[in-house]
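Trainee: Next up is a structure, given as structure tokens.
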Ligand SMILES: [Zn+2]
């Protein structure tokens with residue numbers, strides 16, 4: 001059935017359909033919210049933004065670019081028929097070649113941007129036992145506290161010990177950090193050097209032993 005003026009459709013219905021079509025065409029369905037930053041990935045620049053599809057209430061990350069790292073102009077194909085034949089800046093003389101076409105570059109940049117956003121999040125491992133194991137002891141002169149818990153989704157041991165002093169500062173106690181996964185021991189430099197307090201430290205991991213001894 002044609003929607004012409006041949007009179008097959010009553011005028012009222014024709015107008016109704018026209019109005020519906022008009023509304024659908026001009027209803028904004030995507031709202032765009034720019035993220036106020038550009039980022040560099042593999043030497044090219046990209047502009048991230050959030051696109052919200054209003055009708056289905058879904059927000060996606062969207063990447064524009066790649067832009068020129070020198071002048072921020074838009075990059076385009078040197079030759080439109082050869083997407084892998086290189087990119088050139090539409091503003092300055094910058095040129096580059098890549099293994100991916102523009103869609104592939106944006107896709108890779110999007111994944112890298114998302115990964116980078118996740119870096120700010122705290123990681124909790126459900127593979128590790130929850131909570132913290134803590135043990136403490138002290139005598140008149142010294143105190144010691146040992147903890148096992150998780151940091152960034154990894155098992156971590158921590159031993160704190162020090163001489164009992166009034167108004168204890170970070171330099172009055174030792175902090176030894178144990179990483180069972182990497183079989184490593186390290187000290188926090190912001191605290192007292194353990195070798196000022198102990199003659200020898202020996203840690204036995206599953207596969208290795210780590211030993212630290214004072215000079216004399
Ligand atoms: Zn440029």
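Numbering (the UniProt record's numbering), first residue to last: 1 to 216.
Even for Gly, the Cβ is constructed at its ideal location relative to N, Cα and C.
Just so it is clear, the structure is predicted and the values come from calculations on it, not from any experiment.
Near residue 115, what residues of its chain come up, given a Cβ to Cβ distance below 8 Å and the 5 sequence neighbours on each side ignored?
Mentor: Nothing listed; no residue qualifies.
Trainee: Quick one: what's got a C-beta closer than 6 Å to residue 212's C-beta in the same chain, skipping five residues either side?
Mentor: 201, listed in sequence order.
Trainee: I'd like the list of long-range same chain contacts for residue 137, defined as Cβ closer than 7 Å, with 5 residues on each side in sequence excluded.
Mentor: Only 144 meet the Cβ criterion.
Trainee: Could you tell me if the beta carbon of residue 92 falls within a distance shorter than 8 Å of some heavy atom in ligand 1?
Mentor: Yes, the Cβ of residue 92 comes within 8 Å of a heavy atom of ligand 1.
Trainee: Going by DSSP, what residues sit across from residue 18 in a beta bridge?
Mentor: In the DSSP output, where bridge partners are listed per residue, residue 18 has none listed.
Trainee: Count the C-beta pairs between the region 123-135 and the region 146-154 that are closer than 8 Å, then say yes if the count reaches three, no if not.
Mentor: Contact between the region 123-135 and the region 146-154 is present, because at least three Cβ pairs lie under 8 Å.
Trainee: Does the Cβ of residue 71 lie closer than 8 Å to at least one heavy atom of ligand 1?
Mentor: Yes; taking the cut-off as 8 Å, the Cβ of residue 71 has a heavy atom of ligand 1 nearer than that.
Trainee: Where do the N-terminal and C-terminal ends of the beta strand (DSSP E) with residue 177 fall, by residue?
Mentor: Segment 173-179, the beta strand (DSSP E) holding residue 177.
Trainee: Mind pulling the alpha helix (DSSP H) runs of 4 or more residues that sit fully within the region 34-121?
Mentor: If we require 4 residues or more, the alpha helix (DSSP H) runs fully inside the region 34-121 come out as 102-118.
Trainee: For the beta strand (DSSP E) that contains residue 187, what are its first and last residues?
Mentor: 184-187 is the span of the beta strand (DSSP E), which, as asked, contains residue 187.
Trainee: Can you tell which of 63, 38, 39 has its C-alpha closest to the C-alpha of residue 50?
Mentor: Here the closest residue by C-alpha is 63.
Trainee: Do residue 135 and residue 122 come within 9 Å of each other at the CB atom, strictly closer than that value?
Mentor: Contact: no.
Trainee: The beta strand (DSSP E) spanning residue 158 covers which residue range?
Mentor: Residues 154-163.
Trainee: Are the beta-carbon atoms belonging to residue 45 and residue 77 less than 9 Å from one another?
Mentor: The answer is no: Cβ separation not under 9 Å.
Trainee: I need the straight-line Cα distance from residue 87 to residue 103, nearest angstrom please.
Mentor: For residue 87 and residue 103, the distance between alpha carbons rounds to 13 Å.
Trainee: Closest to residue 82 by CA distance: which of 173, 100, 20 is it?
Mentor: Minimum Cα distance to residue 82 is reached at 100.
Trainee: Whose CA, out of 187, 170, 31, lies closest to the CA of residue 176?
Mentor: Checked all of 187, 170, 31; the closest Cα to residue 176 is 187.
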